[in-house]
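Chemist: Position in the sequence shown counted from 1, then plus 80, gives you the numbering used here.
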Amino acid sequence: MGKYKVVLLDADMTLLDFRRSERAALSWVLERHGLPRNEEVLSAYSRINDALWKAMARGEVDQGFLVVERFSALLRALEAGGDPKALNHDYELRLGEEAYLLPGAMELCRDLAAGGLTLAIATNGLPAAQWGRYRRTGLDRVVPHLLVSAELGAAKPDPAFFDRALERLGVTDRSAAVMVGDGLETDILGGSRAGLDTVWYNPGGLPLSGPAVPTYTAADYGALRDLLL
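(1) I need the straight-line Cα distance from residue 252 to residue 299, nearest angstrom please.
(2) Go ahead and pull the three-state DSSP assignment for residue 223.
(3) Would you mind reading off the limits of the alpha helix (DSSP H) that contains residue 197?
(4) Anyone know if the C-beta pair for residue 126 and residue 156 falls short of 9 Å?
(5) Residue 95 and residue 219 look like a contact to me (Cβ under 8 Å); what is the Cβ gap, rounded to whole Å?
(6) Residue 133: which of 164, 235, 181 sits nearest, CA to CA?
(7) Distance check for residue 105 and residue 152, CA to CA, integer angstroms please.
(8) Report, in whole angstroms, the separation of the C-beta atoms of residue 84 and residue 194, which I expect to be a contact under 8 Å.
(9) I'd like to know if the stretch 172-190 and the stretch 206-222 are in contact, where contact means that at least 3 CB-CB pairs between them fall below 8 Å.
(10) Could you tell me which uninterrupted alpha helix (DSSP H) segments, each at least 4 residues in length, are contained entirely in the stretch 130-187, listed from first to last along the chain?
(11) Would you please state the rounded distance, in angstroms, between the beta carbons of residue 75 and residue 210? I believe it to be under 8 Å.
This is the structure:
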């Protein structure tokens, strides 16, 4: 086994196909509430949502504001009436039902677990959605821990998120733990600030940007497996 004993794994777009889940859940909610659900609307929501999550990572908004504002902003863009809180409520529940793993994600987790590593999913996602997809994909049978920001009381990249996650896992030696994720502004920056080694999962070959500097970069699950085992 390699130098690490505990691996914190980001959820969305590291193990879970969030884009697919998002589109399916949003299409269902928009139809349920009598709103248009064409490609333009789906793309507009995605832009709004992404911008708000980035603002939350910078500490500019909190999650309670984010989940309502994303639908308020969409309704304003559509010049449509509706209750953004009700839209968000239905969306969160439906998102937990739209559960899709990225190809090879389950095999990666099985290999890491078989290699003696303790695995935990560490995510900023919303509890209803993350717990629903964690169970429906079967990840709960391979990854024994799901750590959700709303339940920890802090979100990545706040070091408090990692402090509380490691406390839950009983980790006292941070050199034995590593954070793996696709988000430079959340996973990598937050993990580094918390004194952890980090692996940037970067299958798209994106250029490094911003203040985050990963300890390692992995372009695919094979490279990630080699780094950790």
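We treat Cβ as the ideally placed atom computed from N, Cα and C, and that holds for glycine.
Modeler: In short, the structure shows the following:
(1) To locate residue 252, count along the sequence shown from 1; it is residue 172. To locate residue 299, count along the sequence shown from 1; it is residue 219. So the two alpha carbons sit approximately 30 Å from each other.
(2) Locating residue 223 in the sequence shown gives position 143, counting from the first residue. In this structure, residue 223 counts as coil in the three-state DSSP scheme.
(3) Here residue 197 refers to the residue found at position 117 when the sequence shown is read from its first residue. It is not in any alpha helix (DSSP H) - residue 197 carries neither H nor E in the DSSP assignment.
(4) The residue you call residue 126 lines up with position 46 of the sequence shown. The residue you call residue 156 lines up with position 76 of the sequence shown. Taking 9 Å as the Cβ cut-off, residue 126 and residue 156 do not qualify as a contacting pair.
(5) Looking up residue 95 in the sequence shown gives position 15. Looking up residue 219 in the sequence shown gives position 139. Rounded, the Cβ-Cβ distance is 7 Å, consistent with contact.
(6) In the sequence shown, residue 133 corresponds to position 53, counting from 1. The shortest Cα separation from residue 133 among 164, 235, 181 belongs to 235.
(7) For the purposes of this step, residue 152 is identified with residue 72 of the sequence shown, where counting begins at 1. For the purposes of this step, residue 105 is identified with residue 25 of the sequence shown, where counting begins at 1. For residue 152 and residue 105, the distance between alpha carbons rounds to 17 Å.
(8) Counting from 1 along the sequence shown, the entry for residue 84 is found at position 4. Counting from 1 along the sequence shown, the entry for residue 194 is found at position 114. Not confirmed; about 15 Å, so no contact.
(9) yes
(10) 143-158, 164-175
(11) Because the chain here runs from 81 to 309, residue 75 falls outside it and cannot be looked at.
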